[in-house]
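Enquirer:
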Amino acid sequence: GTRIIYDRKFLMECRHSP
Amino acid sequence: KEHLTIQPYVKHPLQNRWTLWFFKNDKSKPWQANLRLVTKFDTVEDFWALYNHIQLASRLMSGCDYSLFKDGIEPMWEDNRNKCGGRWLITLSKQQRMLELDQFWLETLLCLIGEAFDDYSNEVCGGVINVRAKGDKIAIWTRDTENQEAVLHIGKTYKERLGLPVKIVIGYQAHADTATKSGLGIKNKFVV
Numbered sequence: 596g597t598r599i600i601y602d603r604k605f606l607m608e609c610r611h612s613p
Numbered sequence: 019k020e021h022l023t024i025q026p027y028v029k030h031p032l033q034n035r036w037t038l039w040f041f042k043n044d045k046s047k048p049w050q051a052n053l054r055l056v057t058k059f060d061t062v063e064d065f066w067a068l069y070n071h072i073q074l075a076s077r078l079m080s081g082c083d084y085s086l087f088k089d090g091i092e093p094m095w096e097d098n099r100n101k102c103g104g105r106w107l108i109t110l111s112k113q114q115r116m117l118e119l120d121q122f123w124l125e126t127l128l129c130l131i132g133e134a135f136d137d138y139s140n141e142v143c144g145g146v147i148n149v150r151a152k153g154d155k156i157a158i159w160t161r162d163t164e165n166q167e168a169v170l171h172i173g174k175t176y177k178e179r180l181g182l183p184v185k186i187v188i189g190y191q192a193h194a195d196t197a198t199k200s201g202l203g204i205k206n207k208f209v210v
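Dropping the structure here:
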């Protein structure tokens, strides 16, 4: 199946999102 | 008439649900009694809500650990998913606590929740940080020491993600060896 992968950049951008 | 639609706020799901554990050393109690389950999460947003809320590792008292493991795996060698496994171990000098400990641990967490090891991510059980006066340690635990291809891929990727120079060598140790030997008696099964 597919795996949900998040790179570092995306995860860091989410840090202070609402 | 203008129609205002409100977009539902959707959190970003993670591949796995993760459990954060906290260990605080109280020598009057058995090891397991000092281990507490903090919380579980399965979205990027809930991870940050937790991370932004808890104490940085560098500010923990000596003897404390954080562990982040996949749901259902306890952060100990004895767990069925760990007992045939081992860990990629990063040992830090006292000087590195100020500069690199928090940065390395956050990078470790992002590798885990983001599934940084591609298809080999299935082999990952979790990560542990030990805050110790004699030198801090950070590790990624995998479930099978015999799965050389996976172990090596995880080690290489992890080293890259931490930004460690090529000349720095990190080692992978079997839990079975860590449990029965100590210090210099523990051999690295693999190095990258």
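Read top to bottom, the protein sequences are chains A and B. When you read off a place in the first sequence, starting at 1, and then add 595, the result is the number in the numbering used here. When you read off a place in the second sequence, starting at 1, and then add 18, the result is the number in the numbering used here. Built from N, CA and C at the ideal position, the CB exists for glycine as well.
1) Given that tryptophan 159 of chain B touches chain A, what residues does it touch there, using C-beta distances under 9 Å?
2) Using the C-alpha atoms, what's the distance from leucine 180 of chain B back to glutamine 113 of chain B?
3) Do lysine 42 of chain B and asparagine 52 of chain B have their C-beta atoms closer together than 7 Å?
4) Can you confirm whether the segment 105 to 112 of chain B touches the segment 57 to 66 of chain B when touching is taken to mean that 3 or more C-beta pairs between the two stretches lie within less than 8 Å?
5) State the DSSP-derived secondary structure class of aspartate 602 of chain A, mapped to helix, strand or coil.
6) At a CB distance below 7 Å, what residues from the segment 165 to 180 of chain B approach chain E? Give them in sequence order.
7) Please identify the residue among B:Arg115, B:Lys29 and B:Asn206 whose C-alpha is closest to the C-alpha of alanine 75 of chain B.
8) Which full runs of the beta strand (DSSP E) of 3+ residues lie inside the segment 158 to 208 of chain B, going along the chain?
9) Expressed to the nearest angstrom, what Euclidean distance is found between the alpha-carbon atoms of asparagine 148 of chain B and threonine 23 of chain B?
10) Buried or exposed for lysine 88 of chain B, please, with buried defined as at least 16 other CB atoms from any protein chain shown within 10 angstroms of its CB.
11) In whole angstroms, what separates the C-alpha of valine 221 of chain B from that of threonine 109 of chain B?
12) Answer with buried or exposed for phenylalanine 122 of chain B, where buried requires no fewer than 16 other C-beta atoms within 10 angstroms of its C-beta.
13) Tell me, please, whether the CB atom of leucine 182 of chain B is closer than 7 Å to any CB atom in chain A?
14) Under 7 Å between C-beta atoms, does tryptophan 106 of chain B make it to chain A?
15) To which residues does DSSP link lysine 58 of chain B through a beta bridge?
16) Which same chain residues, not among the five before or five after isoleucine 204 of chain B, have their C-beta less than 8 Å away from its C-beta?
Expert: So, from the data block:
1) Neighbours of tryptophan 159 of chain B on chain A: none; closest Cβ ~19 Å, over 9 Å.
2) 17 Å
3) yes
4) no
5) coil
6) Given the protein chain composition of this structure (A and B), no chain E is represented.
7) B:Arg115
8) 189 to 192
9) 48 Å
10) buried
11) Nothing about residue 221 of chain B can be reported from this structure: the residues present for chain B run from 19 to 210 only.
12) buried
13) no
14) no
15) B:Thr37
16) Gln191, Asp195 and Thr196
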